[in-house]
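Peer 1:
Residue numbers (my numbering), protein chains in the order written: chain A, 105 to 323; chain B, 105 to 323; chain C, 155 to 416.
#1: Give the interface partners of residue 227(B) over in chain C, defined as CB-CB distance under 7 Å, in chain order.
#2: Return the chain-ordered ranges of every beta strand (DSSP E) run that is complete within the region 193-254 of chain A and spans a minimum of 3 residues.
#3: Just curious, the alpha helix (DSSP H) that residue 265(B) is in, first and last residue?
#4: Residues of chain A with CB under 7 Å from residue 194(B), in chain order?
#5: For residue 200(C), does the count of other Cβ atoms within 10 angstroms reach 16, so buried, or fall short, so exposed?
#6: In its own chain, which residues sit with a C-beta less than 8 Å from the C-beta of residue 134(B), not counting the 5 before and 5 after it?
#7: Tell me, to the nearest whole angstrom, how far the beta carbon of residue 344(C) is from that of residue 388(C); I am working on the premise that it is less than 8 Å.
#8: Using the Cα positions of residue 274(C) and residue 195(C), report the straight-line distance between them to the nearest angstrom.
#9: Excluding the 5 residues preceding and the 5 following residue 174(B) in the sequence, name in chain order all residues of the same chain whose CB lies nearer than 8 Å to its CB.
#10: Indicate whether at least one CB of chain A lies closer than 8 Å to the CB of residue 171(B).
#11: Taking only three categories from DSSP, how would you classify residue 182(B)?
#12: If you measure beta-carbon to beta-carbon, which residues of the region 149-183 of chain B are closer than 7 Å to chain A?
#13: Pairs of beta-carbons, one from the region 273-290 of chain C and one from the region 209-220 of chain C, closer than 8 Å: are there three or more?
#14: So within the region 208-252 of chain C, which uninterrupted alpha helix (DSSP H) runs reach at least 4 residues, ignoring any that extend past its ends?
#15: So which residues of chain C does residue 126(B) contact, with C-beta pairs closer than 8 Å?
#16: Taking only beta-carbon atoms, is residue 241(A) less than 8 Å away from chain C?
#17: Do we get a CB-CB distance below 8 Å when we pair residue 138(A) with the residues of chain B?
#18: Taking residue 385(C) and residue 347(C) to be in contact with their CB atoms under 8 Å, please state how far apart those CB atoms are, rounded to whole angstroms.
#19: How would you list, in chain order, the residues of chain C whose beta-carbon sits under 7 Å from the beta-carbon of residue 199(B)?
#20: List, in order along the chain, the chain A residues whose C-beta lies closer than 7 Å to that of residue 301(C)?
#21: Under 8 Å Cβ to Cβ from residue 170(B), same chain only, skipping five residues before and after it: list those, please.
#22: Output, in sequence order along the chain, the residues in the region 209-220 of chain B whose CB is closer than 8 Å to any CB in chain C.
#23: Per DSSP, what kind of secondary structure is residue 300(B) in: helix, strand or coil?
#24: Applying the criterion that 16 or more other CB atoms from any shown protein chain within 10 Å of the CB defines a buried residue, is residue 309(B) buried or exposed?
#25: Mind checking who residue 141(A) pairs with in its DSSP beta bridge?
#26: Return no unless some Cβ of chain C is closer than 8 Å to the Cβ of residue 223(B).
#27: Considering only their Cβ atoms, is the gap separating residue 284(C) from residue 264(C) smaller than 8 Å?
#28: For the region 289-374 of chain C, which segments carrying the alpha helix (DSSP H) assignment without a break, of at least 4 residues, lie completely within its bounds, in sequence order?
#29: 8 Å is my cut-off, CB to CB: does residue 255(B) come that close to chain C?
#30: Looking at C-alpha atoms only, which residue of 305(C), 191(C) and 245(C) is the closest neighbour of residue 270(C)?
#31: So with Cβ pairs under 8 Å, would you call residue 266(A) a contact of chain B?
#32: Per DSSP, which one or two residues make a beta bridge with residue 400(C)?
#33: I'd like to know if residue 160(C) contacts chain B, where contact means its C-beta is closer than 8 Å to some C-beta of that chain.
#34: Could you tell me which residues DSSP puts in a beta bridge with residue 172(B)?
#35: Check the Cβ of residue 278(A) against every Cβ in chain C and list those closer than 7 Å, keeping chain order.
#36: So for residue 262(A), helix, strand or coil by DSSP?
Here you go:
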């Protein structure tokens, strides 16, 4: 406690040296199982600290080590090096086996986000059961995105930071094969040329020319 | 996964180099839910590894870092460096309205300083709880003034610079008098005119003239 | 129609196809809808999905549906809807285009179906690649002993200058109030008025202004006069209630008069 206020008072005058900030980041990131944004880290560090700069140093320090600093969306986390995964078999938590429908739905959401339920159904050619979406929501791999500005204003789904964390992705842009799929036009929402059998109950937003993935990657 | 079996096969022939063992230890200790003994670590590592030796390297590597390898009984764990413990706390600040008793006590101190507890009680007409005064002292809105040169030499209370800062006052003399309060409509219980003596100037004008008020602001 | 399609297939191939279709049918519950079934059927063509023959695929699908009917299997409605559409598509693809007919051409529809199949296959591949990645909790691990951030709750008390001044005003004005006590010597009570009037009422044979009943010493000082007027008026009403007098007022603010009731 006394140290606490002392540190903070000191910080009113000058930020701690960068190596000290790096130590702080290291301590904060090690202590957390969840990824932390630089903003969250800055909140816990003395005033005047620049976590972004210190992070560069920290990442470098852990290059090639048994654990490493990884980027997860706009957050950071320390994770074990993938090549050492075999040593940790005992730590493996038996994850619930995902159904094929759930896996496919997840992939469609990841690659087409933000995507409506009707769009998922069109791609899979089958209606998406409530349970599948609920399971993915519960696992916190997907969440609701913005509503589409189309008739009925349907909700959309997008993937979460936990999804990126789980699959070791820095961002949804790093999804494997994304560029190729886009180049092949397979991420376009191509309206069916009429008379095609329509799937599911939510046929109302099928005809829209959705911007799809592009929306996500513009920024 | 192919890497997995490859590693294991390789290990049948020779132990991994020590820096590789150090990486392994680092990953294992990081991911473990509990401190591990060198025997437990050896069990998880490829044959021929020497966790005790690798541990010496690992401990050295973390010297002076934000986290460090510590001994817990006969086991090992990674822990936050003790001097950074304060980063593991997060203050949540909750703003609460000051109690009526505290506000009244504070007001009396501000208008009558330096004032003794007995004087406060006399003005408020009720006894002042220890907790109320302690709270105001803790908030650093009041502090002890000089002792009164009266029998018993009671301590007095005065308001602090923090008090003035909080209320945006340059000095306690800027506090409005009763007449001004009344003009501002702050005295809701206006006594019927004619029936009451003009106490407006009464008490508090005396106080303003009191030498006490100046005392605080001399320094 | 189905039989026609099989004519140009060799006998052995036909048997193989039928067997394949049967094995698919046994498994019909395993399909995730008609598109999934079409995708599975398309694999028998052993070509790139981009080069697939939609016409052949339509034939295969329709054969499958025929087979299911022959085996008296209940197919879900969407399989039958797809069958109807594919039959339509097939006819569009086989017949020369009718210039009078609107709507998409058979080629457009076939192209879209091929696109749908390719897209579904692509998503399946993506799903597989995703699941094969180094995954948290399986290949990559997070901190085993996360240190919880201790929440230190600090309460900050606040007060405004207004609170302070109102508080002070409250204390200082508290003393100013004493219990309200009537200044008795300025008061002529109703009881007094009633007693006084009872003694005099017998003489009021004619209408008399009630103000003439005000006692001495209560007529000049405004406060005393006000008190006596009020009590005399109240006493008059009391006497009316008792049936002893009558009371009248010719108009608003005119003198109130009373006289004995006989």
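Backbone N, C-alpha and C fix where the C-beta goes; we use that ideal spot for every residue, glycine too.
Peer 2: From the atom records:
#1: 325
#2: 246-248
#3: 265-271
#4: 148
#5: exposed
#6: 182
#7: 5 Å
#8: 14 Å
#9: 180, 181, 182 and 183
#10: yes
#11: strand
#12: 149, 169, 170, 171 and 182
#13: no
#14: 208-224 and 231-248
#15: Neighbours of residue 126(B) on chain C: none; closest Cβ ~17 Å, over 8 Å.
#16: no
#17: no
#18: 4 Å
#19: 310 and 312
#20: 135
#21: 184, 185 and 188
#22: 210, 211, 212, 214 and 215
#23: Low local confidence applies: a pLDDT of 40 at residue 300(B) is under 50, so the model's placement there is unreliable, and no value is given.
#24: Per-residue confidence for residue 309(B) stands at a pLDDT of 33, beneath the threshold of 50, marking its modelled position as unreliable; the derived number appears in the next sentence. Exposed, since its Cβ has fewer than 16 Cβ neighbours within 10 Å.
#25: 179(A)
#26: no
#27: no
#28: 315-328 and 344-354
#29: no
#30: 191(C)
#31: no
#32: 413(C)
#33: Here residue 160(C) scores only 45 on pLDDT, less than 50, and its place in the model is too uncertain to base an answer on.
#34: 183(B)
#35: Simply none; closest approach about 10 Å.
#36: strand
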